[in-house]
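Its first residue numbered 5, the sequence shown is counted upward by one per residue in our numbering. From the three backbone atoms N, C-alpha and C, an ideal C-beta is built for every residue, glycine too. Remember, it's a predicted structure, so these values are computed and weren't measured experimentally. Below is one structure, written out as structure tokens, with a few remarks after it.
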Amino acid sequence: MQPTSSTSITSPMKIPTRLLLLLMILFFMLSQATANGFNKSLELEAKALVATNWWPQHVNVSDDYCNWDEIGCNKAGSVISICFYNHNLEGYLGSLDFSSFPNLEWLNIDYCGVEGSIPEQIGLLSNLTELSLSGNQLTGKLPVSLANLTHLEGLDLGGNNFSGELPVALTNLTHLRYLYLDKNQLTGPIPPFGSMVTLTVLDLSTNQLNASIPNQIGNLQSLETLNLGDNNVDGPIPLSFGNLSHLRFLNLGMNFISGPIPIDIADLMNLQHVDLNNNSLVGTLHPKFGNLSYLDVSSNRLSGNVSFQYPCNLVQLDLSMNLFTGDIASLSSNCFGLKYLDISMNKLTGPIPHSVGSMVSLTVLDLSANQLNGSLPKELTNLQKLQTLNLGMNSISGQIPLDIASLMNIEHVDLSHNNLMGPVHPEFGKLTYLDFSSNKLSGNVLFQRNTCYLRYLNLSMNLMTGAITSLLDCNYLRSLDITNNSFVGEELNRTEFTELDILNQYPNNLTAIVPSQSSVQDRESGLSCNALSGQSPCKEHMQRKKLVQHLTTFIPIILGLCFLLLVYVCYKNHNATENKIQPETIKHGNVCSILNYDGTIAYEDFITATEDFDLRYCMGTGAYGSVYEAKLPDGKIFALKKLHRFEAEQPAFDQSFKNEVQVLTNLRHKNIVKLYGFCLHNKCNFLVYEYMEKGSLFCAISDSELAVQVDWMKRVNIIKDVAHALAYMHHDCNPPIVHRDISTNNILLNSKLEGFVADFGAARLLDPDSSNQTVIVGTLGYIAPELAYNMIVTEKCDVYSFGVVALETIGGKHPGDLLSSLNYSTSRGTTLENILDKRLPYPTDSSIEKEIMRVYNVAVACILTDPKCRPTMRNVSRELSC
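Right, dumping it as structure tokens:
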């Protein structure tokens, strides 16, 4: 028997054992290293969170941050979500070290006031699926590294101040379901998002994007919401939009889109909401659009009849400011579910159909500024939910049905500029807004005590008679106009109304109230234009006697004060001479840089140039200051607006003044007078403007010799210049700027007779989140009427003032009473001979005549009583540029 070798038995068993031990040691070392590395990673996360100071109650990195508010962690304790909403976080977004959060999946910091730009480092968050930074104060360009977040499903950067172009690389985010970049300042073209087929929401609204809409958007067949509104997009609506079978919401409003509306859009089965307002669309409106629930195509050039097929599903319809013709019989017969209907400022004809009474859900009905005739149908009284009725500026005749005042919810009725007759029923006093001006109404005003809730009442230019004492029962009135009637009795006293801001009661046949001594001065300026009787108290003898007494008492005191003042001035001049520093080497350098760098030097230059604001250099005085010409030794000429002391002495004036000037100096438009800077000094405060050689538009058209130099085309071009400047202020500035004091005095002309908007003394930045309620400012005769009763400043206030300026420019004088008699329907038949400045020969060139008529029609639209019916300045600018 052969002996067994021991090695052949033991060797195979020893090798695996050693290997196993080695593997166990390696595994232990790797596990320890991994644990150390993971712990190190968690420590970095803790340090990064604490460094932001967004959790002030947690300053120790050893705290368990997974239990902190707004933090979410995975099972391993690593941060996977940071979610803030409406917190007051201080600091910059860059204070969060994105490289410390390799597992972060959700980053939501919305409406927290975070500032700064998005760092390129954000591209390191490779696991991120949702990024939302909306409603903050972030600035700068969008980083290209956002395209590295390939797992991203939601991106919301809306409501910030991002600028620059949209990175084309964003189209690499092929898993994105929603993209919000609205309410920023992004520019450039819209990228071709066609490869992002999972997108359901694309919102790029309220930016400054331009160029045409890419056809590739039609490839986004999952898209449910497309919002490109309020940009500078032009070109046609792509035919490929007919492929967006899941689309529910479409907004292309407030752009420069042209051409017809593709019929295929009307066939989209899921589409409910379409907003195409304020563009340049032409053609007709297909009846299939009645399948929508919301349609706004206002402020375009659409034409044809208004007709929708049955059944009509429309709930809100706005067709205002187009060229639609015919009647609305088909509309009122088929669209029973309408709650809001606005077809104002078109060319509709015929009577209001009786079938309008079948639209029982209506809350707003606006058919104003058309060519409707006939009488008011009694079926209007079926509209028990109606709150606003505007049928003004038509040719409607007959009497006003009493039952309209009995409608349960009615608050606002405008039947102005028609041919209505008969009395005004006392029941109308329960409304808050009533405009029956420019009709043929007669009888007395008999509103009843405790049942009059009117805040705005206009009965001007009628045939009304009798006393007006019942108006004293309307304690809530803020604006009252009863001019151009035949009322008798005592005039109204403003002090008898608790809230009245505007009172117009002349001319009538009223008897003046003998004023009390405290109100004589106020009354002396407002007693003209009436058949007044009564006698003012004789005061001349008493005034002379009191004057002698006052002189005897005060002359010694005045002389003493003058002596003391003289001593003080001499003392100050002596000290100033000793301490004065004269930087001659740079005193007359570049004025713009001096104003931005050294206000003291600029102050001395301008004081010398105007000889301390001597009256010889004064070019005019306005509500906020006087304007002086300042010619510096190097030949440069500037206009200095020295502010009145009462304005500069207001509390906190310096800071608010500086803030607003800083904004206004950044305005960049060829038709806005350049503001070079300002000087704040203990002696006076003044603004430094570009010098305009030809002065104000008011002076140019008021002077007979100068007016002839400003021929018809120059006047038309000046009006266009002003329109373009206001459109820029309202629509291209962020926030929008409302001038609030547009008048011919504040339109300046250069040597080429080009128009420039000037004098921003009353201007305010328009905060879209505030009511902008304020005191009434501006120039009488140019102030929008709605400010009398709601005190809210909007862009439409400037639109009204612009309309007055346009009429004054082509008419050669302020339109005055013509403002209350003009209406859109009659403007089409108005002969220019009755409108134009008689000092210029009537235009024989048909093209010039057409331009002037265009200006006139636009101006009349701008002075409509209802601000909602006025066009935007962007629309005005486009119309005048055609």
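Opposing strand residues paired with residue i [DSSP bridges]
i, result
"residue 633", "643"
"residue 313", "Per DSSP, none; premise fails for residue 313."
"residue 437", "416 and 460"
"residue 278", "254 and 299"
"residue 907", "This structure cannot speak to residue 907, because the chain is shown only from 5 to 886."
"residue 683", "690"
"residue 261", "239"
"residue 468", "447"
"residue 384", "None, per the DSSP bridge assignment."
"residue 760", "752"
"residue 492", "513"
Pair within 8 Å by beta-carbon distance, residue i and residue j
i, j, result
"residue 144", "residue 121", "yes"
"residue 757", "residue 714", "yes"
"residue 403", "residue 371", "no"
"residue 484", "residue 461", "yes"
"residue 699", "residue 636", "no"
"residue 195", "residue 210", "no"
"residue 229", "residue 202", "no"
"residue 347", "residue 323", "yes"
"residue 410", "residue 439", "no"
"residue 694", "residue 677", "yes"
"residue 809", "residue 747", "yes"
"residue 166", "residue 142", "yes"
"residue 368", "residue 345", "yes"
"residue 317", "residue 302", "no"
Buried versus exposed, by CB contacts within 10 Å (16 or more), residue i
i, result
"residue 397", "buried"
"residue 672", "exposed"
"residue 83", "buried"
"residue 869", "buried"
"residue 433", "buried"
"residue 417", "buried"
"residue 92", "exposed"
"residue 28", "exposed"
"residue 412", "exposed"
"residue 482", "buried"
"residue 467", "exposed"
"residue 584", "Note that residue 584 scores 35 on pLDDT, short of 50, meaning its location in the model is unreliable; the coordinates nonetheless yield the value given after this. Exposed, by the Cβ-count rule."
"residue 135", "buried"
Where residue i sits in the DSSP three-state scheme
i, result
"residue 426", "strand"
"residue 552", "Confidence at residue 552 is low in this model, with a pLDDT of 40, below 50, so its placement is unreliable and the value that follows should be read with caution. Three-state result, residue 552: helix."
"residue 127", "helix"
"residue 339", "coil"
"residue 578", "Note that residue 578 scores a pLDDT of 43, beneath 50, so its modelled location is shaky; the value from the coordinates is reported in the next line. It is helical."
"residue 169", "strand"
"residue 701", "helix"
"residue 288", "coil"
"residue 198", "helix"
"residue 871", "helix"
"residue 102", "helix"
"residue 229", "strand"
"residue 401", "strand"
"residue 726", "helix"
"residue 811", "helix"
"residue 677", "coil"
Nearest residue (CA-CA) to residue i, options the options
i, options, result
"residue 786", "305, 314, 484 and 811", "811"
"residue 45", "102, 242, 621 and 137", "102"
"residue 127", "154, 141, 351 and 260", "154"
"residue 378", "641, 313, 353 and 272", "353"
"residue 294", "287, 307, 273 and 281", "273"
"residue 470", "210, 495 and 78", "495"
"residue 149", "177, 162 and 165", "177"
"residue 688", "733, 509 and 610", "610"
"residue 740", "498, 339, 639 and 799", "799"
"residue 325", "304, 408, 422 and 752", "304"
"residue 2", "482, 206 and 260", "Examination of residue 2 is not possible in this model, given that the chain is present from 5 through 886 alone."
"residue 232", "442, 59 and 185", "185"
"residue 489", "448, 341, 181 and 271", "448"
"residue 133", "115, 108 and 222", "108"
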